[in-house]
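What follows is a short report on a single structure.
Protein chains: 2
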Amino acid sequence: MNAEILSVGTELLLGDIVNTNTQYIAKGLAELGINVYRQSVVGDNRNRLRKSMEESLQRADLLIITGGLGPTKDDLTREVAAEVLGKQLVLDPDILSGIQVFFDRIKVPMEKSNHKQAYLPEGAFPIENPNGTSPGILIEAEEKIVMMLPGPPRELQPMFDNQVKPYLTKYAQGIVKSKVLNIFGMGESTMEAMIEDLIEEQHNPSIAPYCMEQGLILRITARAQEESVADAMINSLEKKVRDRIGEYIYGVDHESLEAVVVKALKSKGYTLSVAESCTGGLIGASITNVPGASEVFPLSLVTYSDASKVNLLGVSKDLIKTQGAVSKETAVAMAKGVQKVAGTTMGLSITGIAGPGGGTDKTPVGLVHIALAFEGKILHMEKNLLGDRNRIRHFAAKHGLDLVRKAVKEQ
Amino acid sequence: MNAEILSVGTELLLGDIVNTNTQYIAKGLAELGINVYRQSVVGDNRNRLRKSMEESLQRADLLIITGGLGPTKDDLTREVAAEVLGKQLVLDPDILSGIQVFFDRIKVPMEKSNHKQAYLPEGAFPIENPNGTSPGILIEAEEKIVMMLPGPPRELQPMFDNQVKPYLTKYAQGIVKSKVLNIFGMGESTMEAMIEDLIEEQHNPSIAPYCMEQGLILRITARAQEESVADAMINSLEKKVRDRIGEYIYGVDHESLEAVVVKALKSKGYTLSVAESCTGGLIGASITNVPGASEVFPLSLVTYSDASKVNLLGVSKDLIKTQGAVSKETAVAMAKGVQKVAGTTMGLSITGIAGPGGGTDKTPVGLVHIALAFEGKILHMEKNLLGDRNRIRHFAAKHGLDLVRKAVKEQ
Chain H
69 MNAEILSVGT ELLLGDIVNT NTQYIAKGLA ELGINVYRQS VVGDNRNRLR
119 KSMEESLQRA DLLIITGGLG PTKDDLTREV AAEVLGKQLV LDPDILSGIQ
169 VFFDRIKVPM EKSNHKQAYL PEGAFPIENP NGTSPGILIE AEEKIVMMLP
219 GPPRELQPMF DNQVKPYLTK YAQGIVKSKV LNIFGMGEST MEAMIEDLIE
269 EQHNPSIAPY CMEQGLILRI TARAQEESVA DAMINSLEKK VRDRIGEYIY
319 GVDHESLEAV VVKALKSKGY TLSVAESCTG GLIGASITNV PGASEVFPLS
369 LVTYSDASKV NLLGVSKDLI KTQGAVSKET AVAMAKGVQK VAGTTMGLSI
419 TGIAGPGGGT DKTPVGLVHI ALAFEGKILH MEKNLLGDRN RIRHFAAKHG
469 LDLVRKAVKE Q
Chain V
69 MNAEILSVGT ELLLGDIVNT NTQYIAKGLA ELGINVYRQS VVGDNRNRLR
119 KSMEESLQRA DLLIITGGLG PTKDDLTREV AAEVLGKQLV LDPDILSGIQ
169 VFFDRIKVPM EKSNHKQAYL PEGAFPIENP NGTSPGILIE AEEKIVMMLP
219 GPPRELQPMF DNQVKPYLTK YAQGIVKSKV LNIFGMGEST MEAMIEDLIE
269 EQHNPSIAPY CMEQGLILRI TARAQEESVA DAMINSLEKK VRDRIGEYIY
319 GVDHESLEAV VVKALKSKGY TLSVAESCTG GLIGASITNV PGASEVFPLS
369 LVTYSDASKV NLLGVSKDLI KTQGAVSKET AVAMAKGVQK VAGTTMGLSI
419 TGIAGPGGGT DKTPVGLVHI ALAFEGKILH MEKNLLGDRN RIRHFAAKHG
469 LDLVRKAVKE Q
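Sequence order for the protein chains is H and V. Adding 68 to a residue's 1-based position in the first sequence gives its number in the numbering used here. Adding 68 to a residue's 1-based position in the second sequence gives its number in the numbering used here.
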């Protein structure tokens, strides 16, 4: 079964709101194994709405339309759909009294305009709406299915979950399961070069790379008649991927890098303190966003000035003078310093040039030194990061967390 | 001029991500008075992408396409657009060497796959991309304009703002100017109640509230033939708004709360240190995201454990025992402690229960104590914040910054 999603609303065309309904429906259909080949948005305009519906119905078996079911003159979806399908609109007295009950409950008189929400194309079924006045509408006609759902997300989402998805289950093609591998420390093109053959060979399960806000991910998706079969397919492909790029995979599905780090520290009984300079608190902020982080994370020092590096971390003034605040030597001294001050198993430090100013030939914008002190050893990492101040800082923080992850894992 | 926006990416069809690019572009076009009649999404599929482009070009004068410009085999936008417009793809050596420079800077070898990002349809112009490897592409052909922009928002947004919008200005109908008022410390419905009449009366200039990721904003938009007229219209309405809710407006347009705070501290010659508990570094991270913050911000201590509050800030063990780590008394001692350790004009502290665990009847999840020590005085604020851990922490950090903003302003 092929589906299209059509959203109706001038506020979407003007960019006043972001189209979360389409994503919500698309995700639900993907879970059912129903393919979505196109998503469209049109405004509250009769001609353009009609054309768009006609085109979609030529291509798709299932058309889900959101928005334009309200009581105002702008709301045209019900009318135009009836026209396109060649149906009359008929008053449904049960819906009308349902709307009346709704207004009685909120103690507001019903407007005359709400009457139009009680009309359905002949042969259509209403889809109950516990959160608003307009029911959804389901029509099965000429081997096509058309559904109209209200625009407000708090009406649409429960209606979709509780009524639309169960109805569509009969059209679901087996089971579709996905697993996301979260990756850090390699670029998209490098990753693809390392697993290109897997991406190209595989159709079921399929594997696809995405560059998301939180970093690179690989999504493995399997379609099967039974869940256990889909799981086995995913596991087998995941193993192949891990054999190639396993060291860069820090977690699966919704696991964040900081959650993985906190979990790993807990499992080993380690504690971590951090001395941050260019990241200014980002590492602390991300670690402490993990519930229960306090067990492993007592202290972080944001030693932004040279004086604070000297006074609080015991970094020598001379060292900063001769090697520079952004150097391997200073990073190492900071890591040892914070480990000592906090009395933790591990001490992580980060110092760098986040820009846009402050760069020199020797220490350009993007240069970051990261050091990790633990068990008498020192790990050091030097990175040249690209992008604006915000990106450099976020990547620097992630590299720091990833260094901790790898160090703990190797123990 | 009529425009359409076409987003390319299977991750959108699957509902993996929400389509924020389309909203961003739609909003920008609306500001220029360019009508958008349709928005579409198709996957990484050659045939469907071609059909969609052809249809859009029949309807629209301007087609903006996002996504599918990456280096992988899935990325088809460049190729398919050339095909639809009947153009050859030609290697642009300048772009190729630009990509090479990008990889040299990050010290990663360039993959062969990246070469394809250096190809342009003949007669097309590259649009510079300071934040990634793929340039945007501009083609003017047969009275149509086609633009292809990269999918990642952090590449697309600056490209759209700095290059696409200025280019499109010549097609703008009159001048549309907007000013954004950034607001903190009041809820959306409260704000609306205080300026409801202004929102309803005003059409040009219009005023509209939005609840954005970074907080509440009011957008004033004026349309006029000349810029000076639009400015005057905006200023007059802004004054009316400020008379009502001025104390909650911390900045305009892209000014962040932390940038306003850093600027205010600089102008007074003040310095600030922070002792963070529940926010775990968020305040430090946001302040240090402002270029030049080092002048006013030498140090922040993330004293997450009680022991670190005692050892580093000199908070008395007894005080924590009798009053609790989340109390006015501890917050005050932390603020005084960090002010002393760092030797700064101001010392800010924050301690609270971010949840989801750790709440009690006396100190429920969401309770936050904030204290600011300066010039021998103490300001204290107690807040009961709602939401999940992430929201509580971000709001707590913002309240802390806002306390500093107000305190500096009153000097």
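Here a beta-carbon is modelled for each residue, glycine too, at the ideal position from N, C-alpha and C.
### Query
Given that H:Ser417 touches chain V, what residues does it touch there, using C-beta distances under 8 angstroms?
Your numbering for residue 417 of chain H matches position 349 in the first sequence. Ordered by position in chain V, no residue passes the 8 angstroms Cβ test against H:Ser417, which lies about 14 angstroms from the chain.
#### Entry: Local Cβ density within 10 Å of V:Asn189, reported as buried at 16 or more and exposed below that
On the second sequence, residue 189 of chain V is found 121 positions in, with the first residue counted as 1. The question names Asn, but residue 189 of chain V in the sequence shown is Pro. Under this definition V:Pro189 is a buried residue.
### Message
Can you pull the chain H neighbours of V:Lys95, defined as C-beta to C-beta under 9 angstroms?
### Response
Locating residue 95 of chain V in the second sequence gives position 27, counting from the first residue. The answer, in chain order, is Leu82, Gly83 and Asp84.
### Query
Got a sec: is the Cβ-Cβ distance from V:Ala175 to anything in chain H below 8 angstroms?
For this step, residue 175 of chain V is matched to residue 107 along the second sequence. Reading off the sequence shown, one finds Lys at residue 175 of chain V, where the question assumed Ala. So, interface residue.
### Query
Does DSSP put V:Pro139 in a helix, a strand or coil?
Locating residue 139 of chain V in the second sequence gives position 71, counting from the first residue. V:Pro139: coil per DSSP, three-state reduction.
### Query
Of all Cβ atoms in chain V, is any one closer than 8 angstroms to the Cβ of H:Arg106?
For the purposes of this step, residue 106 of chain H is identified with residue 38 of the first sequence, where counting begins at 1. Yes, H:Arg106 counts as interfacial toward chain V.
### Message
Pop quiz: V:Gly348 and H:Ala353 are said to be a contact at Cβ under 8 angstroms. What is the actual Cβ separation, rounded to whole angstroms?
### Response
Reading the second sequence from its first residue, position 280 is the one you call residue 348 of chain V. Reading the first sequence from its first residue, position 285 is the one you call residue 353 of chain H. Beta-carbon to beta-carbon, V:Gly348 and H:Ala353 are separated by about 5 angstroms, close enough to satisfy the 8 angstroms threshold.
### Query
Hey, does H:Gly138 have any beta-carbon neighbour from chain V nearer than 8 angstroms?
Translated into the one-based positions of the first sequence, residue 138 of chain H becomes position 70. It does not: the Cβ of H:Gly138 has no partner Cβ on chain V nearer than 8 angstroms.
### Query
DSSP on H:Gly405, reduced to helix/strand/coil?
Looking up residue 405 of chain H in the first sequence gives position 337. Helix, per DSSP.
### Query
Does the beta carbon of H:Tyr493 come closer than 8 angstroms to any beta carbon on chain V?
Because residue 493 of chain H is not part of the residues shown, which for chain H are 69 to 479, the question remains open.
### Message
Can you check whether the C-beta of H:Tyr187 is within less than 8 angstroms of a C-beta belonging to chain V?
### Response
By one-based count along the first sequence, residue 187 of chain H stands at place 119. So no, H:Tyr187 is outside the interface.
### Task
Spell out the partners DSSP gives H:Ser246 in its beta bridges.
The residue labelled residue 246 of chain H in the question sits at position 178 within the first sequence. Bridge pairing for H:Ser246: H:Thr289 [DSSP].
### Cβ separation of H:Lys336 and H:Gln479, assumed to be a contact under 8 angstroms, to the nearest whole Å
To locate residue 336 of chain H, count along the first sequence from 1; it is residue 268. To locate residue 479 of chain H, count along the first sequence from 1; it is residue 411. Rounded, the Cβ-Cβ distance is 6 angstroms, consistent with contact.
#### Entry: Uninterrupted alpha helix (DSSP H) stretches inside the region 184 to 262 of chain V (no shorter than 4 residues)
DSSP runs (the alpha helix (DSSP H)) wholly in the region 184 to 262 of chain V: 221 to 227 and 233 to 236.
### Task
Please determine, among H:Arg473, H:Val436, H:Ile446 and H:Val86, the residue with the shortest C-alpha to C-alpha distance to V:Ile174.
By one-based count along the second sequence, residue 174 of chain V stands at place 106. The candidate whose alpha carbon is nearest that of V:Ile174 is H:Val436.
### Task
Check the Cβ-Cβ distances between H:Tyr338 and every residue of chain V, and say whether any is below 8 angstroms.
Counted from its first residue, the first sequence places residue 338 of chain H at position 270. Put simply, the CB of H:Tyr338 is far from chain V, with every gap to its CB atoms at 8 angstroms or more.
### Task
Identify whether V:Met301 lies in helix, strand or coil by the three-state DSSP scheme.
For this step, residue 301 of chain V is matched to residue 233 along the second sequence. In the three-state DSSP reduction, V:Met301 falls in the helix class (H, G or I).
#### Entry: Minimum Cβ-Cβ distance from H:Lys375 to chain V less than 8 angstroms
Reading the first sequence from its first residue, position 307 is the one you call residue 375 of chain H. First, the residue type needs correcting, since residue 375 of chain H is Ala and not Lys in the sequence shown. Closer than 8 angstroms to some Cβ of chain V, the Cβ of H:Ala375 qualifies, so yes.
### Contacts that V:Thr371 makes with chain H (C-beta to C-beta distance below 7 angstroms)
Working through the second sequence from its first residue, we reach residue 371 of chain V at position 303. Those within 7 angstroms of V:Thr371 in chain H are Leu367.
### Message
Determine, for H:Pro234, whether the minimum Cβ-Cβ distance to residues of chain C falls below 8 angstroms.
### Response
Going by chain labels, chain C is absent from the structure shown, which instead holds the protein chains H and V.
### Query
Leaving out the 5 sequence neighbours to the left and right, which residues in its chain are closer than 8 angstroms to H:Ile251 when beta-carbon positions are compared?
Reading the first sequence from its first residue, position 183 is the one you call residue 251 of chain H. For H:Ile251, where only same-chain residues beyond five positions count, the Cβ hits under 8 angstroms are Met259, Gly283, Leu284, Ile285, Leu286, Ile313, Tyr316, Ile317 and Tyr318.
### Query
Taking all protein chains shown into account, do 16 or more other C-beta atoms lie within 10 angstroms of the C-beta of V:Gln407, making it buried, or fewer, making it exposed?
Here residue 407 of chain V corresponds to residue number 339 of the second sequence, with the count starting at 1. Buried is the call here.
### Message
Quick check on H:Asn113: does DSSP put it in helix, strand or coil?
### Response
Locating residue 113 of chain H in the first sequence gives position 45, counting from the first residue. Correct three-state label for H:Asn113: coil.
### Query
Are the C-beta atoms of H:Glu260 and some chain V residue less than 8 angstroms apart?
Walking along the first sequence from the start, residue 260 of chain H turns up at place 192. Residue contact check for H:Glu260 against chain V: a CB pair falls below 8 angstroms.
### Delimiting residues of the beta strand (DSSP E) encompassing V:Ile85
For this step, residue 85 of chain V is matched to residue 17 along the second sequence. No beta strand (DSSP E) holds V:Ile85; DSSP gives it neither H nor E.
### Task
With DSSP collapsed to three states, give me the class of H:Phe170.
Start at 1 with the first residue of the first sequence, and residue 170 of chain H comes out as number 102. Here H:Phe170 sits in helix by DSSP.
### Task
On a CA-only basis, which of H:Glu122, H:Asn87, H:His467 and H:Thr419 is nearest H:Lys396? Give me that one, please.
Within the first sequence, numbered from 1, the residue matching residue 396 of chain H stands at position 328. Out of H:Glu122, H:Asn87, H:His467 and H:Thr419, H:Thr419 has the C-alpha closest to the C-alpha of H:Lys396.
### Spatial distance of H:Phe170 from H:Thr201 (CA atoms)
Here the question's residue 170 of chain H lines up with position 102 in the first sequence. Here the question's residue 201 of chain H lines up with position 133 in the first sequence. Computed Cα separation, rounded: 7 angstroms.
### Message
Just list the residues that DSSP pairs H:Gly420 with in beta bridges.
### Response
Within the first sequence, residue 420 of chain H is the residue found at index 352, counting from 1. Answer is H:Val436.
### Message
Any beta carbon of chain V sitting closer than 8 angstroms to that of H:Pro359?
### Response
If you number the first sequence from 1, residue 359 of chain H lands on position 291. So, interface residue.
### Task
Could you have a look at V:Gln107 and say whether DSSP puts it in helix, strand or coil?
Translated into positions along the second sequence, residue 107 of chain V becomes position 39. Strand at V:Gln107.
### Message
I want to see whether chain V comes within less than 8 angstroms of H:Asn272, judged by CB atoms only; does it?
### Response
If you number the first sequence from 1, residue 272 of chain H lands on position 204. Taking 8 angstroms as the threshold, the shortest C-beta distance from H:Asn272 to chain V does not fall below it.
### Query
Taking H:Ser246 as the reference, which of H:Ile133, H:Met262, H:His322 and H:Ala327 has the closest Cα?
For the purposes of this step, residue 246 of chain H is identified with residue 178 of the first sequence, where counting begins at 1. For H:Ser246, the closest of H:Ile133, H:Met262, H:His322 and H:Ala327 by C-alpha to C-alpha distance is H:His322.
### Task
Can you pull the chain H residues whose beta carbon is under 7 angstroms from the beta carbon of V:Val109, in chain order?
Stepping through the second sequence from its first residue, residue 109 of chain V is reached at position 41. Under the 7 angstroms cutoff, chain H gives Arg106 and Gln107.
### Task
Indicate whether the contact test is met: 3 or more Cβ pairs, each with one atom in the region 358 to 377 of chain H and one in the region 366 to 376 of chain V, closer than 8 angstroms.
By the Cβ test, the region 358 to 377 of chain H is in contact with the region 366 to 376 of chain V, since at least three Cβ pairs between them sit closer than 8 angstroms.
### Residue nearest to V:Ile93 in terms of C-alpha spacing, selected from H:Gly83, H:Val394 and H:Gly77
Along the second sequence, read from residue 1 onward, the residue named residue 93 of chain V stands at position 25. Shortest Cα-Cα distance from V:Ile93 to any of H:Gly83, H:Val394 and H:Gly77 involves H:Gly83.
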